[in-house]
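Below: one structure, written as structure tokens.
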Amino acid sequence: MRSVKKIKVLENIPVLVRTALNVPVANGEVTGAFRLRRALPTIEYLRKKHARVILIGHIGEKGTETLEPVYEAMREMIPGLAFCPVSTGARAREAIRQLAPGGVLMLENLRRDKGEVGNDPKFARELAELADIFVQDSFDVCHRSHASVVGVPSLLPSYAGFLVEEEVKQLSKALKPKNPSLAIIGGAKFSTKEPVLKRLLASYSRVYVGGALANDFMQVSGKPVGSSLVSGADPKELKMLLGDRKLALPLDYVVAPLGGMRDAGRLTRTNDVRPNEAILDNGPDTLAMLAERMKKAKTVLWNGPLGNYENGFTEGTEALARIIATSKAHSIVGGGDTVAAIGKLKLDAKFSFISTGGGAMLDFLAKGTLPGLDALD
Ligand code: 3PG
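For the working numbering, add 49 to where a residue sits in the sequence shown, where the first one is 1.
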């Protein structure tokens, strides 16, 4: 991976910068600008070198969303930022032609064109034709083999932006923890987390599995899970992982009737979940157990909420954020809800590194690389 710093000539050169613009938006306004702030060092560097900076990125999964609210938020951070309501074609080329050296332009959501997700060579070519150089600074999407992630770098001289470089450096460090170490993996979908669990069990002293992810393990070990979300993972795989003494699971939960509100929740031990109840958060004994382990830990890695964060079961996740924030361990964290909890509590400065990646962070930890990074080679 070559650094953006290695680009020799930038004066008046159009540079496509794949940027992490996929941020939460509510009522037309950005509600979490964490990724946008992290995009600034690369943009500032290119501006100072008088490049013509073209920001490309995506928002949402459906391909219908617009980047306009993101543009409005970034306008406050980048003086004179311009916006083009399409991402390719004559109108985009004209907007780029009008860019002065040091100017910055944001193009519309790449996923509005099906060619982005489908990695259509024609769409990749249309994007590549907009500039002379490509800079990858959207670590969060480097696990996707999309046109702007793997297609464009095969067509243009390509470099890694500062954010991508920092992510790779920090997450590589997380793969070689100082022991005693503790990894905490929450959230749902066993299939996406299984490879990372295996990898972490090989290098961490203790791997705690929380959130809905733990439900599959509980079920296979004969404990009741009521009406909780389970991924339906292969019992053989689960049993194999359960056999590893480094794996730790919840001691207690908050449960509630399915679809219940936070107030309807009750605390219970793991052997007492009623058939109509769902496990919605980890309980205080579990958090006390994690706090105790944290005291000795030299490296702590955390990705994924401990409870159903989106539906208001935030207590366990926020308590964990506070515990890690006060620990002396080198702390590396990531994932949408995890970062949201840390931001809400204004604890960002208390963590050694907060990754902008969710799935990308997990994939990097599982494989040690990503398609979007390999494409820069
Ligand atoms: C993310 O938020 O994890 C990245 O931006 C990737 O988004 P995606 O999961 O919609 O591909």
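We put the beta carbon where it would ideally sit given N, CA and C, even for glycine.
Ligand 1 and residue i: does the residue's C-beta get closer than 7 angstroms to at least one heavy atom of that ligand?
i, result
"E326", "no"
"G292", "no"
"R96", "no"
"D189", "yes"
"G408", "yes"
"R193", "yes"
"E157", "no"
"N320", "no"
"E359", "no"
"N168", "no"
"N352", "no"
"L110", "Here the sequence assigns Glu to residue 110, which means Leu is not the residue at that position. Correct: E110 has its Cβ closer than 7 angstroms to ligand 1."
"N228", "no"
"N331", "no"
"N264", "no"
"N71", "yes"
Where DSSP assigns a beta bridge to residue i, which residues make up the other side?
i, result
"L104", "V66 and M155"
"P306", "E326"
"H99", "H99 pairs with nothing; no bridge assigned."
"D301", "R318"
"V382", "W351 and I403"
"E78", "A75"
Have a look at the options and flag the residue whose alpha-carbon is nearest the alpha-carbon of residue i.
i, options, result
"L231", "A282, S376 and R87", "S376"
"M410", "V190, M126, V322 and R86", "V190"
"F362", "W351, G332 and A122", "G332"
"T91", "A75, Q147, L116 and Q185", "Q185"
"A149", "R87, N360 and A100", "A100"
"L85", "K344, V102 and M123", "M123"
"L278", "L287, G106, M267 and G271", "M267"
"I62", "D312, G81 and L95", "L95"
"Y388", "L70, N76, A261 and A82", "In the sequence under discussion, the amino acid at residue 388 is Val, which differs from the Tyr named in the question. When only C-alpha atoms are compared, the closest one is A82."
"S401", "E364, I373 and K242", "I373"
"I103", "A141, D169 and V382", "A141"
"T319", "V304, D312, G308 and L59", "V304"
"K26", "D412, I381, A263 and K416", "Any answer about residue 26 is impossible in this case: the structure gives the chain only from 50 up to 426."
"A180", "N168, A144 and P170", "A144"
Say the cut is 7 angstroms; is the CB of residue i nearer than that to a heavy atom of ligand 2?
i, result
"R87", "This structure lacks ligand 2; its bound ligands are ligand 1."
Under DSSP, the beta strand (DSSP E) around residue i begins and ends at which residues?
i, result
"L316", "R315 to R318"
"R124", "R124 -> not in any beta strand (DSSP E); alpha helix (DSSP H) instead, spanning E117 to R124."
"Q268", "Per DSSP, Q268 belongs to no beta strand (DSSP E); it is in the alpha helix (DSSP H), L262 to V269."
"R255", "R255 to V258"
"F132", "A131 to C133"
"L231", "S230 to I234"
"V166", "It is not in any beta strand (DSSP E) - V166 instead sits in the alpha helix (DSSP H) that spans K163 to V166."
Starting from residue i and walking both ways along the alpha helix (DSSP H), at which residues does that stretch end?
i, result
"S221", "F211 to A223"
"R146", "A139 to R146"
"A374", "E364 to T375"
"S194", "That residue, S194, is in no alpha helix (DSSP H); it is neither H nor E in DSSP."
"A389", "G385 to K393"
"T418", "Where T418 is concerned, there is no enclosing alpha helix (DSSP H), given that its DSSP letter is neither H nor E."
"S240", "F239 to S252"
"F172", "P170 to A177"
Count the C-beta pairs between the region 240-251 and the region 364-379 that are closer than 8 angstroms, then say yes if the count reaches three, no if not.
-> no
**Prompt:** Below 8 angstroms, can you find three or more Cβ-Cβ pairs linking the region 210-222 to the region 176-193?
**Reply:** yes
Margin query: Count Cβ pairs between the region 342-355 and the region 309-326 that sit closer than 8 angstroms; are there 3 or more?
Written below: no
*Inspect the CB distances between the region 159-179 and the region 107-122 and report whether three or more fall short of 8 angstroms.*
yes
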